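K.L.:
So the protein lines, in turn, are chains R and D. The numbering used here puts the first residue of the first sequence at 20, with every later residue one more than the last. The numbering used here puts the first residue of the second sequence at 429, with every later residue one more than the last.
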Amino acid sequence: MKNKTGRLQWAWGAMPVILFVVVWEIIGRFNLFPGQFFFPPFSAVVKEFYDLTANGILGKNFLSSLTRVLIGLFGGSIAGIFVGVIMGWKHMVNKALSPIISLLYPIPALGWLPLLMLWIGINEMLPITIIFICSFFPVVYNTTTGIKNVDKSYIYAAETLGASNIMILFKVIIPLALPNIFTGLRLEAGMSWRVLIAAEMVAIPTGIGALMIQAESLVRVDIIMVCLIVLSVMCLLFEKIFALAEKHMVGRWSSHA
Amino acid sequence: MPEIRLVNVSKHICSELNITIRNNEIFVIIGPTGSGKTTILNIIAGVTDYKGKVYIDEQCVDGVSPGKRNVGYLFQGLALFPHLTVFENIAFGLRAKGMKEGAIKERVLSLMEMMRIKHLSARYPHMLSGGEKKRVALARSLAPSPQILLLDEPTSSLDHQTAKYLRGEMIDLLRKLRITTVYVTHDLREAEEIADRIALIFHGKIEQISTPKDLFFNPQNESVSQFVGMPNIIECTQSRILTSGLVEVVSGEMRMILPYDGGNIKKIAIPPEDIYISDVKPPGPALNRFMGKVEEITRYNSAVRVKLSTGNRTLLAELPIAAFDEMNIEEGKEVHVVIKLRRLRYVKS
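#1: Count the other C-beta atoms from every protein chain shown that fall within 10 angstroms of the C-beta of D/Leu787, then say buried if there are 16 or more, exposed otherwise.
#2: What is the residue span of the beta strand (DSSP E) that D/Tyr483 lies within?
#3: Looking at chain R, which residues of the region 517-534 of chain D have a Cβ within less than 7 Å of any of its Cβ atoms?
#4: Of all the CB atoms in chain D, is at least one closer than 7 Å to the CB of R/Pro194?
#5: Quick test of your reading: R/Val104 and R/Ile166, contact by CB under 8 Å. State the CB separation rounded to the nearest angstrom.
#6: Using a C-beta cutoff of 7 Å, does R/Gly181 count as contacting chain D?
#7: Would a check of beta-carbon distances place D/Phe503 closer than 7 Å to chain R?
#8: Find the nearest neighbour of D/Ile599 within the set D/Leu506, D/Phe455, D/Gly558, judged by alpha-carbon distance.
#9: Using a beta-carbon distance below 7 Å, is D/Ala507 in contact with chain R?
#10: For D/Ile508, does the three-state DSSP call read helix, strand or coil?
#11: Just reading off the beta strand (DSSP E) that D/Phe655 is part of, what are its end residues?
#12: Short check: CB of D/Val766 to CB of D/Pro711, under 7 Å?
#13: Residue range of the alpha helix (DSSP H) that R/Lys66 falls in?
#14: Using the C-alpha atoms, what's the distance from D/Ile685 back to D/Asp707?
#15: Just confirm the distance between the C-beta atoms of D/Gln636 and D/Val612, as a whole number of angstroms; I'd bet it's less than 8 Å.
#16: State yes or no: is the beta carbon of R/Ser154 nearer than 7 Å to at least one beta carbon in chain D?
#17: Of the residues D/Leu670, D/Thr513, D/Ile532, which one's Cα is nearest the Cα of D/Leu522?
#18: Does the separation of the CB atoms of D/Ala714 and D/Arg773 fall below 7 Å?
#19: Give the list of continuous alpha helix (DSSP H) stretches no shorter than 4 residues that lie fully inside the region 551-639 of chain D.
#20: Which one or two residues does DSSP pair with D/Leu744 in a beta bridge?
#21: Within its chain, find whatever has a CB closer than 7 Å to the CB of R/Ser62; leave out the 5 residues flanking it on each side and keep chain order.
#22: Which residues in chain R have a C-beta closer than 8 Å to the C-beta of D/Ser493? List them in chain order.
#23: In terms of residue numbering, what span does the alpha helix (DSSP H) encompassing D/Gly720 cover?
#24: Which residues of chain R have a Cβ atom closer than 9 Å to the Cβ of D/Gly552, listed in chain order?
#25: Please confirm if the region 735-745 of chain D is in contact with the region 675-684 of chain D, defined as three or more CB-CB distances below 8 Å between the two stretches.
#26: What would DSSP say about R/Gly181, mapped onto helix, strand or coil?
#27: List the residues of chain R that D/Val475 touches, going by C-beta distances under 8 Å, in chain order.
#28: Counting only Cβ pairs nearer than 9 Å, list the residues of chain R close to D/Val732.
#29: CA-CA distance, D/Pro647 and D/Glu620?
#30: Rounded C-beta distance between R/Val88 and R/Ile149? I'm assuming under 8 Å.
#31: Could you name the residues of the same chain whose beta carbon sits closer than 6 Å to that of R/Leu18, not counting the 5 residues immediately before and after it, in chain order?
#32: What residues of chain A sit near R/Val191, judged by a beta carbon separation below 7 Å?
#33: Give me the subset of the region 562-574 of chain D whose CB atoms are less than 9 Å from a CB atom of chain R, sorted by chain position.
#34: What separation, rounded to the nearest whole angstrom, lies between the Cα atoms of R/Pro60 and R/Ala234?
#35: What is the rounded straight-line gap between the Cα of R/His275 and the Cα of R/Ser154?
#36: Given D/Arg606, which residues of its chain have a CB within under 6 Å of its CB, disregarding the five upstream and five downstream residues?
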C-alpha cells in the first residue's frame with residue numbers, strides 16, 4: 020500500500036517534467052519558436068550533450084568548474100565556520116568584527132570581480148576567490164547566529180557538570196548550532212555554482228561559463244542549453260548533498276530536522 | 429554533606445538574602461512565580477553573578493566555577509542535551525571529570541537502573557515522555573556524585589498521577605542518598621510532603637523559614653498566612669483518644685472526632701476548601717457538624733469565600749462558584765457546617 024502511494028507520488032512529480040520535455044520537443048521540432056536556430060528540440064540538446072561528453076569538451080570544462088567550486092566553497096565554509104564560531108562564542112570578538120562583516124556581507128560576490136581582476140589577475144585564483152567570498156560571509160552570519168542562539172541553560176548544565184570551556188564549545192555549542200550552520204552551507208552550495216558561472220563568463224577562458232560564452236558567439240543554442248542543464252543539476256546536487264549531510268548529522272536528534 | 433550559607437546575597441529581585449541550609453536536609457524554597465526561587469538556585473550553583481557571599485561548608489565559593497562547586501542541578505527546563513542519547517547525557521559529567529570509559533559505563537548503568545530508565549539508553553531526549561525526561565535529568569545531575577542537589581520544580585509540567593509517582597520516588601531517593609538538597613516548588617502540598625524545612629519567598633524576600641508544621645500553625649505574618657491558605661487554626665481545649673486511630677477534640681462548643689494516631693492534639697488547621705457549608709441539613713451521620721452564621725461572602729474568579737461564625741470562633745470556607753450558586757446562602761443566614769477530614773493538620777501537645 021505504502022509502495023503504491025510512493026509510486027503514485029513519484030509519477031505525479033515526474034509528470035510535469037515529462038510534459039515540459041514533450042512541449043519543448045514539439046516547439047523545437049515543428050519550428051513553433053521564431054527562428055529555428057534559437058530553439059533546438061530537446062533531442063538535439065541531448066545529442067549535443069552526448070557529443071560534448073564524447074569529445075571531452077564538456078568533461079574538461081566541467082572539471083575546471085567543479086575544482087574551483089570545491090576549493091572555493093570548502094575554503095570559504097571552513098573559514099566562515101571558524102570566524103563565526105569565534106564571533107558567536109566570544110562577545111568581544113563579535114563586537115569588534117560584526118561592523119566589518121555587516122558592511123561587507125551585503126556586497127554581491129560578483130561586485131568584487133573588477134577589484135579582484137586587478138588585485139589577483141585573470142587566473143585560477145580569481146573564480147576561487149569569488150566563490151570563497153560568496154560562501155564566507157553567509158556562513159559566518161549563520162554560524163554566529165547559531166552559536167549565539169544556543170540556549171543558555173545547556174551551557175549552565177554543562178558548566179555545573181564540570182565541563183571545561185573547550186568541552187562546552189565542542190560538545191555542546193557547536194553541535195547545537197549545526198542546524199544553523201547547515202542552513203548557511205546549503206544555501207551557499209548552490210549559490211557558489213551560480214557565481215562561478217557568472218565569473219567564468221566574464222573573465223575566465225575555461226569552465227562551463229566560458230563554454231557558454233563561446234557557444235553564444237557561435238550561435239550554438241544547443242550547447243548553451245547543455246551548459247544550463249549541467250549548471251541546474253549541479254546546483255541541485257550540491258544543495259542535496261548538504262541537506263543529506265545535515266540529515267545524517269542532525270536528523271537523529273532533532274525532532275524537526 | 430555540606431552546609432550552604434548565603435550571606436547578604438543580592439541578584440535581580442532577590443535582595444540581601446541570608447539563608448543557612450543545613451547538612452543533609454531537604455530545604456524547600458516555595459513562593460509564587462517570579463519571586464526569585466530559581467535565582468537562589470543559580471546563585472548556589474554559580475551559574476550567575478551576584479553580590480554578597482556564598483559559603484559551602486564554611487568555604488567561600490564566590491569566584492569558584494560551577495563545575496568545582498560539586499553541585500548537581502536539575503533545571504526547570506531540564507536542559508537535556510538534545511544531540512546526545514540518554515546514556516551520553518548521563519555520562520557527560522563523568523567525561524568532564526576525565527573518568528575512564530569502563531568506570532563511566534558502570535556508573536551510568538547503575539544510575540539508569542536506579543532510575544529505571546535502562547531501556548531508554550539509546551534514545552534521544554525528543555523521544556522521551558515528560559516523566560522519562562525528568563528521570564534522565566535527575567540521573568545526569570546525580571552522576572558526578574554531587575554533595576549538593578538543586579532541584580528546580582522537578583514535578584512541574586507533569587500530569588497529576590505522574591507527578592505524584594515521581595515525587596514519591598524522589599522522596600525515597602533523597603532520604604536514601606542523604607544529600608543536602610535545595611528543592612524549589614510553588615506547590616505547597618509538595619513542599620509539605622518533602623521538606624525538612626521550608627523557606628517562603630515573596631518578591632525576592634524570605635518571609636519565613638521553618639518546618640512545614642510551623643509554617644502552617646505559626647505563620648509569621650499576614651502574607652505567609654495567606655499563602656499557606658490556613659486561616660482556620662483551632663486551639664483544642666481537650667483531646668481524648670477514643671480508640672486506636674480516633675481522637676475526640678473539643679474547642680469551645682465545637683466537638684469533633686478525628687482520625688489521628690499518636691497522642692493528644694493541641695491545634696488543628698483546616699484548609700478553607702475542606703469546610704463544606706449547606707443551606708439544608710446534609711445527609712449522613714451527624715459527625716463533625718455545627719451550625720454557623722454567614723458573616724461575609726466574597727466572590728473570586730472560580731470560588732466563593734464565606735466567613736462563618738460558630739460560637740465565638742470565625743471560620744473561613746471556600747466553595748466552587750457552581751456549588752455555591754446552587755444553594756440559597758446569604759449574609760446573616762444560618763447554615764450547616766461540615767468539616768471534611770481529608771487534609772487536616774495537627775500539632776501534638
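C-beta atoms are modelled at their ideal positions from N, C-alpha and C, and glycine is treated no differently. This one's a predicted model, so the numbers in the text were calculated from it and none came from an experiment.
P.N.:
Well, looking at it:
#1: Here chain D covers residues 429 to 777 and nothing more, so residue 787 of chain D does not appear.
#2: Stepping through the second sequence from its first residue, residue 483 of chain D is reached at position 55. Note, D/Tyr483: beta strand (DSSP E), 479-484.
#3: Look at the region 517-534 of chain D: the residues with a C-beta under 7 Å from a C-beta of chain R are Phe520, Gly521, Ala524, Lys525.
#4: Within the first sequence, the letter at position 175 stands for residue 194 of chain R. Closer than 7 Å: yes.
#5: Working through the first sequence from its first residue, we reach residue 104 of chain R at position 85. Working through the first sequence from its first residue, we reach residue 166 of chain R at position 147. About 6 Å separates the beta carbon of R/Val104 from that of R/Ile166, a gap short enough to meet the 8 Å contact definition.
#6: Taking the first sequence and counting its residues from 1, the one referred to as residue 181 of chain R is at position 162. Closer than 7 Å to some Cβ of chain D, the Cβ of R/Gly181 qualifies, so yes.
#7: Taking the first residue of the second sequence as 1, we reach residue 503 of chain D at position 75. Chain R, which has a Cβ nearer than 7 Å to the Cβ of D/Phe503, makes this yes.
#8: As a working note, residue 599 of chain D is residue 171 in the second sequence. Considering only alpha carbons, the answer is D/Phe455.
#9: Residue numbering aside, residue 507 of chain D sits at position 79 when the second sequence is read from its first letter. Judged by the 7 Å Cβ criterion, D/Ala507 is in contact with chain R.
#10: As a first step, residue 508 of chain D must be located in the second sequence, where it is residue number 80. Reading off the sequence, residue 508 of chain D comes out as Leu, not Ile. Looking at D/Leu508 - three-state DSSP - the assignment turns out to be coil, as it is neither helix nor strand.
#11: Position 227 of the second sequence, counting from 1, holds the residue named residue 655 of chain D. From DSSP, D/Phe655 is part of no beta strand (DSSP E) but of the alpha helix (DSSP H) over 650-656.
#12: Residue 766 of chain D sits at position 338 when you count from the first residue of the second sequence. Residue 711 of chain D sits at position 283 when you count from the first residue of the second sequence. For D/Val766 and D/Pro711, no; Cβs fall outside 7 Å.
#13: Working through the first sequence from its first residue, we reach residue 66 of chain R at position 47. Here the alpha helix (DSSP H) through R/Lys66 covers 61-73.
#14: Position 279 of the second sequence, counting from 1, holds the residue named residue 707 of chain D. Position 257 of the second sequence, counting from 1, holds the residue named residue 685 of chain D. Roughly 23 Å separates the two Cα atoms.
#15: What you label residue 636 of chain D is simply residue 208 of the second sequence in a count that begins at 1. What you label residue 612 of chain D is simply residue 184 of the second sequence in a count that begins at 1. Wrong, their Cβ atoms sit about 16 Å apart, outside the cutoff.
#16: Along the first sequence, one-based indexing puts residue 154 of chain R at 135. No, because no Cβ of chain D sits closer than 7 Å to the Cβ of R/Ser154.
#17: Taking the second sequence and counting its residues from 1, one reaches residue 522 of chain D at position 94. When each option's Cα is compared against that of D/Leu522, the closest is D/Ile532.
#18: Locating residue 714 of chain D in the second sequence gives position 286, where the first residue counts as 1. Locating residue 773 of chain D in the second sequence gives position 345, where the first residue counts as 1. Contact flag unset, no.
#19: Segments of the alpha helix (DSSP H) lying fully in the region 551-639 of chain D: 558-570, 588-605, 616-622.
#20: Residue numbering aside, residue 744 of chain D sits at position 316 when the second sequence is read from its first letter. According to DSSP, which records beta bridges pairwise, D/Leu744 is partnered with D/Lys735.
#21: Here residue 62 of chain R corresponds to residue number 43 of the first sequence, with the count starting at 1. So the qualifying residues of the chain are Glu44.
#22: Within the second sequence, residue 493 of chain D is the residue found at index 65, counting from 1. Result: Glu178.
#23: Counting from one through the second sequence, the residue named residue 720 of chain D turns up at place 292. Looking at the DSSP string, D/Gly720 is not in any alpha helix (DSSP H); the run it does join, the beta strand (DSSP E), is 717-727.
#24: Along the second sequence, one-based indexing puts residue 552 of chain D at 124. It is worth fixing the name first, because residue 552 of chain D is Tyr in this sequence and not Gly. Residues of chain R passing the Cβ test: Arg271, Trp272, Ser273, Ser274.
#25: yes
#26: By 1-based counting over the first sequence, the position of residue 181 of chain R is 162. Here R/Gly181 sits in coil by DSSP.
#27: Stepping through the second sequence from its first residue, residue 475 of chain D is reached at position 47. Per Cβ cutoff of 8 Å: Tyr175, Glu178, Thr179.
#28: The sequence position of residue 732 of chain D within the second sequence is 304, counting from 1. The contacting residues do not exist; D/Val732 stays about 41 Å from chain R at best.
#29: As a working mapping, residue 647 of chain D is identified with position 219 in the second sequence. As a working mapping, residue 620 of chain D is identified with position 192 in the second sequence. Those two C-alpha atoms are separated by around 14 Å.
#30: Locating residue 88 of chain R in the first sequence gives position 69, counting from the first residue. Locating residue 149 of chain R in the first sequence gives position 130, counting from the first residue. Not quite, the Cβ-Cβ distance comes to about 11 Å (not below 8 Å), so this is no contact.
#31: Any question about residue 18 of chain R goes unanswered here, given that chain R covers just 20 to 276.
#32: Within the model displayed, chain A is absent; protein chains R and D are what it includes.
#33: Ala565, Arg568, Ser569, Ala571, Pro572, Pro574
#34: For the purposes of this step, residue 60 of chain R is taken as the residue at position 41 of the first sequence. For the purposes of this step, residue 234 of chain R is taken as the residue at position 215 of the first sequence. Distance between the alpha carbons of R/Pro60 and R/Ala234: 17 Å.
#35: For the purposes of this step, residue 275 of chain R is taken as residue 256 along the first sequence, with counting starting at 1. For the purposes of this step, residue 154 of chain R is taken as residue 135 along the first sequence, with counting starting at 1. Only weak support is given to the placement of R/His275: the predicted model assigns it a pLDDT of 47, under 50, and the value that follows is read from those uncertain coordinates. Cα-Cα distance, rounded: 25 Å.
#36: Indexing the second sequence from 1 puts residue 606 of chain D at position 178. These residues qualify, in order along the chain: Asn452.
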